[in-house]
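Q: Mind having a look at this structure? Questions to follow.
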Amino acid sequence: MSRKKFNKQRRKLLKILGAASVATGAGVMMPKEVLLARAEKKPKGKLSYEVKPGELDEYYGFWSGGHSGEIRIIGVPSMREIHRIPVFNMDVGSGWGITNESKKLLRGKYAGDTHHVHGSYVNGTYDGKWLFVNDKLNNRVARIRIDYMEVDAILDIPNIQGAHGLFPQRYPRTEWLVQNAEFQIPVPNNESNAKAFNEPQKYYGMHTIIDAERMAVVCQIMLDENCDLAATDYKGKYSMCTSYNTEKGVTISEMLAADHDYLIVFNWERIRKALRAGDYKIVNGVKVIDGRKGHDKHGITLRIPVPKNPHGVNISPDGRYAVCSGKVSPTCTVVDLELVDKAYAGKIKPEECIVAQPYIGLGPLHTTFDGRGNAITSVFIDSTNVKWNIQKAIEAEKQGEEAKKKNPHIIDVLDIHYQVGHIMASMAETKEADGKWLVSLNKVSKDRFINVGPLKPENDQLVDISGEKLRLVHDGPAYIEPHDCIIVRRDIIEPKVKHRYDMFEHPLAVTENKVERKGNKVIIRMTANAPVYGLQEVKLKKGDRVTLILTNHDEIIDLSNGCAISNYNINFVVAPFQTKSVTFTADKPGVFWVYCTNFCHALHLEMRMRLIVEP
Ligand code: RUQ
Ligand code: CA
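Okay, here's the thing in structure tokens:
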């Protein structure tokens, strides 16, 4: 794209967003104080980001993979990509999507769009048991066992589209997850309700509650509004969503029509009450509670007005504040969760829960925290990370417009490269936020890396936040297309991660090599122990339906074996003590070498066997 065209598109976007922020009463010019903070020289911080050869990272970063459908494990602070966990994608390297075990979980859907990875919690911090991630494309939630770093459950969620914000319960432990539906749709969305297809006023959003242990839907709260980002509090009382399409619009301009949208809070005690009272309808097999304004019998929902199409909602690590990032409004909205208690009790109005609305910049998207009372917000259009003090913003709000205009809350503004979406500080989504590192997940890298063609990587930048100022220390290219991440201390994760599988957890683990035949159904039970497979040849007849079960018996750490069947499009690996199986029809007569793909031994090339398919 020509620079001219790029700039034209950018101006167009700025026009839409700029007009919108003027409509909310906020100017688009950057205040002097903000520009001054930006101009100041960045002093050197204290933290070293170098991880020398043989040393280990201090943090596990779990990155969503966006429309690659996967999760990635990035070491922080080295920013090295250490591993990938295939989730909603096909991964021919490991065999995810090829083996029977993975096919059973994927149920025929091999495309996904992962946005938000979160860990399971105990008492407001990670317990190192599970990760959860959403699939915006096919409306699923996957659970990953941290001990094996492998998906163990995938839940399809009915009645929704655009499964977006996902968040686990933080206290006392993760029993529930919430999953937001960003797109409003008819409910049910099938021929029985065809009349609603052309009536957007009859499209609904959903806040879905999931049982994390059973990976099953507990219930859904139906809304007129859409549900974008999600958060849970630190007391196990509330979950929430931002909503930008309270207008029920189906075009951009319709979605931007209102001056205010909402932060919607959900009261979990009242959800349980509605369930006990049986106040729900069953739609597509799940309990749907009506949470629409005027229909919310149990007062589950609380709608706090937030200026114009807000995006992220993040809870401060002390549990006190929910911060909504303005997106179209150049502000963040700070909601005091203690006042939310009062609003539910009917003592104050929902809008009275707001304690500050500080200026941040053009296009604030997400907010993270350093655990020392400061927030850091990603600002998309300005391409900055803005560090600000929550209490100072609240004080200025109390003092009034004159005090606010001076922007006393702003501590530092860091330019990033370029167009930042999510940002995340180390441990920032827990009560143990430690204020060391921040990752800025920038959507556009332009000139930051050698030119690899028109499709360029994203740029994940590492920022030292240990000092007063934000200090940019590293550029990290990222392939399509992480959205969000969490950064978890190594001591929480590492002790939980196993080096080998528990062999007999798989019901079909092979201890004896043999071939069983029943009619044209053949089961090959085989071991792998570098550099040999337990069988040297297997004879099949054309048309046989074959299941090959392979168990790796090597207990040496990191000694994985591959299993590829030439011309049969089959390829997977088995890690130490792991069992996997594949099923295929032997439809091509001939000799087909089965060989190890994963370099395992000095005689790796000799690790092979013959499949002889007779005509
Ligand atoms: S949200 S676009 Cu994480 Cu900013 Cu999905
Ligand atoms: Ca709106």
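Following my numbering, the numbering of the sequence shown begins with 2 at its first residue and continues without gaps.
Even for Gly, the Cβ is constructed at its ideal location relative to N, Cα and C.
These figures come from a predicted structure and were not determined experimentally.
(1) Between Glu607 and Thr598, what straight-line distance do the alpha-carbon atoms span, to the nearest angstrom?
(2) Run through DSSP, which three-state label would Cys597 get?
(3) What's the C-alpha gap between Glu403 and Pro409?
(4) Under a three-way DSSP split, which group does Lys499 fall into?
(5) Between which residues of its own chain and Gly166 is the CB-CB distance below 7 angstroms, once the five residues before and five after are set aside?
(6) Runs of 3 residues minimum, wholly inside the region 298-331: which ones carry the beta strand (DSSP E) assignment?
(7) Does the region 292-306 come into contact with the region 334-353, if we say contact requires no fewer than three beta-carbon pairs (one atom in each stretch) closer than 8 angstroms?
(8) Applying the 10 Å Cβ sphere with the 16-neighbour rule, what's the burial state of Asn375?
(9) The beta strand (DSSP E) with Asp291 in it runs from where to where?
(10) On a CA-only basis, which of Lys437, Ala154, Arg449, Asp114 is nearest Gly468? Give me that one, please.
(11) Could you check the C-alpha separation between Gly62 and Leu463 for me, to the nearest Å?
(12) In angstroms with no decimal places, state the Cα-to-Cα distance between Ile382 and Asp465.
(13) Report the option in Asp114, Gly237, Asn90 whose CA atom is closest to the CA atom of Leu106.
(14) Could you give the residue range of the alpha helix (DSSP H) that holds Val341?
(15) At the level of alpha carbons, what is the spacing between Lys47 and Gln537?
(16) Taking Arg81 as the reference, which of Asn310, Val88, Tyr60 has the closest Cα?
(17) Looking at Glu71 and Ile86, is the spacing between their C-beta atoms short of 9 angstroms?
(18) Taking a contact to mean a Cβ-Cβ separation below 9 angstroms, would you say Cys564 touches Lys581 in this structure?
(19) Please return the same chain residues whose Cβ sits closer than 8 angstroms to the Cβ of Asn101, not counting the five positions on each side in sequence.
(20) Could you confirm whether any beta carbon from chain D is found closer than 9 angstroms to the beta carbon of Pro201?
(21) Please say whether Val516 and Met610 have beta carbons closer to each other than 9 angstroms?
(22) What is the DSSP secondary structure of Met610, counted as helix, strand or coil?
(23) Name the DSSP bridge partner or partners of Ser244?
(24) How far does the beta strand (DSSP E) with Met1 in it reach, from first residue to last?
(25) At a cut-off of 8 angstroms, is Leu509 close to ligand 1 when judged by its beta-carbon and the heavy atoms of the ligand?
(26) If we count Cβ pairs, one from each stretch, closer than 8 angstroms, do we get three or more for the region 497-510 versus the region 131-142?
(27) Starting from Tyr127, follow its DSSP beta bridges and name the residues at the other end.
(28) Exposed or buried, which one is Asp157 when buried takes at least 16 other CB atoms within 10 Å?
(29) Three Cβ pairs or more, each shorter than 8 angstroms: is that satisfied between the region 49-59 and the region 91-100?
(30) Near Lys43, which residues of its chain fall below 6 angstroms by C-beta distance, leaving aside the five closest residues on each side in sequence?
(31) Going by alpha carbons, who is nearest to Ala434 out of Arg373, Leu551, Val142?
(32) Check Pro169 in the structure and name its three-state DSSP category.
(33) Report whether the distance from the Cβ of Asp280 to the nearest heavy atom of ligand 1 is below 8 angstroms.
(34) Please tell me whether, using a cut-off of 8 angstroms, the distance from the CB of Asp485 to the nearest non-hydrogen atom of ligand 1 is below it.
(35) Among Arg273, Tyr263, Val387, which one has its Cα closest to the Cα of Leu363?
(36) Report yes if the CB atom of Val307 is closer than 9 angstroms to the CB atom of Ile316, and no otherwise.
A: Judging by the given coordinates:
(1) Within the sequence shown, numbered from 1, the residue matching residue 607 stands at position 606. Within the sequence shown, numbered from 1, the residue matching residue 598 stands at position 597. Cα-Cα distance, rounded: 11 angstroms.
(2) Here residue 597 refers to the residue found at position 596 when the sequence shown is read from its first residue. Cys597: coil per DSSP, three-state reduction.
(3) Stepping through the sequence shown from its first residue, residue 403 is reached at position 402. Stepping through the sequence shown from its first residue, residue 409 is reached at position 408. The straight-line gap from Cα to Cα measures roughly 11 angstroms.
(4) On the sequence shown, residue 499 is found 498 positions in, with the first residue counted as 1. Lys499 falls in the coil class under three-state DSSP.
(5) Taking the sequence shown and counting its residues from 1, the one referred to as residue 166 is at position 165. Cβ neighbours of Gly166 within its own chain (closer than 7 angstroms, five residues either side excluded): His117, Asn181, Cys228, Asp229, Leu230, Ala231, Cys242.
(6) 302-308, 314-316, 322-326
(7) yes
(8) For the purposes of this step, residue 375 is identified with residue 374 of the sequence shown, where counting begins at 1. It is buried - the Cβ of Asn375 has at least 16 other Cβ atoms within 10 Å.
(9) Within the sequence shown, residue 291 is the residue found at index 290, counting from 1. 287-291 is the span of the beta strand (DSSP E), which, as asked, contains Asp291.
(10) Taking the first residue of the sequence shown as position 1, residue 468 is located at position 467. Answer by Cα proximity: Lys437.
(11) One-based indexing of the sequence shown puts residue 62 at position 61. One-based indexing of the sequence shown puts residue 463 at position 462. Their Cα atoms are separated by approximately 12 angstroms.
(12) Taking the sequence shown and counting its residues from 1, the one referred to as residue 382 is at position 381. Taking the sequence shown and counting its residues from 1, the one referred to as residue 465 is at position 464. Taking the straight line from one Cα to the other gives about 22 angstroms.
(13) Position 105 of the sequence shown, counted from the start, is the residue given in the question as residue 106. The option with the nearest alpha carbon to Leu106 is Asn90.
(14) By one-based count along the sequence shown, residue 341 stands at place 340. Val341 -> alpha helix (DSSP H) spans 338-345.
(15) In the sequence shown, residue 47 corresponds to position 46, counting from 1. In the sequence shown, residue 537 corresponds to position 536, counting from 1. Straight-line Cα distance between these residues: approximately 59 angstroms.
(16) Residue mapping note: residue 81 aligns to position 80 of the sequence shown, counting from 1. Of the candidates Asn310, Val88, Tyr60, the one whose C-alpha sits nearest the C-alpha of Arg81 is Tyr60.
(17) The residue labelled residue 86 in the question sits at position 85 within the sequence shown. The residue labelled residue 71 in the question sits at position 70 within the sequence shown. In this structure, Glu71 lies closer than 9 angstroms to Ile86 by Cβ.
(18) Here residue 564 is taken as the residue at index 563 of the sequence shown, counted from 1. Here residue 581 is taken as the residue at index 580 of the sequence shown, counted from 1. Result yes, Cβ atoms of Cys564 and Lys581 sit closer than 9 angstroms.
(19) Within the sequence shown, the letter at position 100 stands for residue 101. Closer than 8 angstroms at Cβ, skipping near neighbours: Thr548, Lys581, Ser582, Val583, Thr584.
(20) No chain D is present in this structure, which holds just one protein chain.
(21) Residue 610 sits at position 609 when you count from the first residue of the sequence shown. Residue 516 sits at position 515 when you count from the first residue of the sequence shown. Going by C-beta atoms, Met610 is not nearer than 9 angstroms to Val516.
(22) Translated into positions along the sequence shown, residue 610 becomes position 609. In the structure shown, Met610 sits in a strand (DSSP, three-state: E or B).
(23) Position 243 of the sequence shown, counted from the start, is the residue given in the question as residue 244. Secondary-structure assignment with DSSP links Ser244 through a beta bridge to Tyr263.
(24) With the chain covering 2 to 616 only, the question about residue 1 has no answer from this structure.
(25) The residue given as residue 509 occupies position 508 in the sequence shown. No, the Cβ of Leu509 stays beyond 8 angstroms of every heavy atom of ligand 1.
(26) no
(27) The sequence position of residue 127 within the sequence shown is 126, counting from 1. According to DSSP, Tyr127 bridges with Tyr122.
(28) If you number the sequence shown from 1, residue 157 lands on position 156. Exposed, because fewer than 16 other Cβ atoms sit within 10 Å of the Cβ of Asp157.
(29) No, because fewer than three Cβ pairs between the region 49-59 and the region 91-100 fall closer than 8 angstroms, the two stretches do not touch.
(30) As a position in the sequence shown, residue 43 is number 42, starting the count at 1. Low confidence applies here, because Lys43 scores a pLDDT of 47, under 50, leaving its location unreliable and the question unanswered by this model.
(31) Here the question's residue 434 lines up with position 433 in the sequence shown. Ranking Arg373, Leu551, Val142 by Cα distance to Ala434 puts Arg373 first.
(32) As a position in the sequence shown, residue 169 is number 168, starting the count at 1. Of the three classes helix, strand and coil, the one that applies to Pro169 here is strand, per DSSP.
(33) Here residue 280 is taken as the residue at index 279 of the sequence shown, counted from 1. Flag unset: Cβ of Asp280 not near ligand 1.
(34) If you number the sequence shown from 1, residue 485 lands on position 484. Yes - ligand 1 has a heavy atom lying nearer than 8 angstroms to the Cβ of Asp485.
(35) Locating residue 363 in the sequence shown gives position 362, counting from the first residue. If we check each option's Cα against that of Leu363, Val387 comes out closest.
(36) To locate residue 307, count along the sequence shown from 1; it is residue 306. To locate residue 316, count along the sequence shown from 1; it is residue 315. No, they are not a contact pair.
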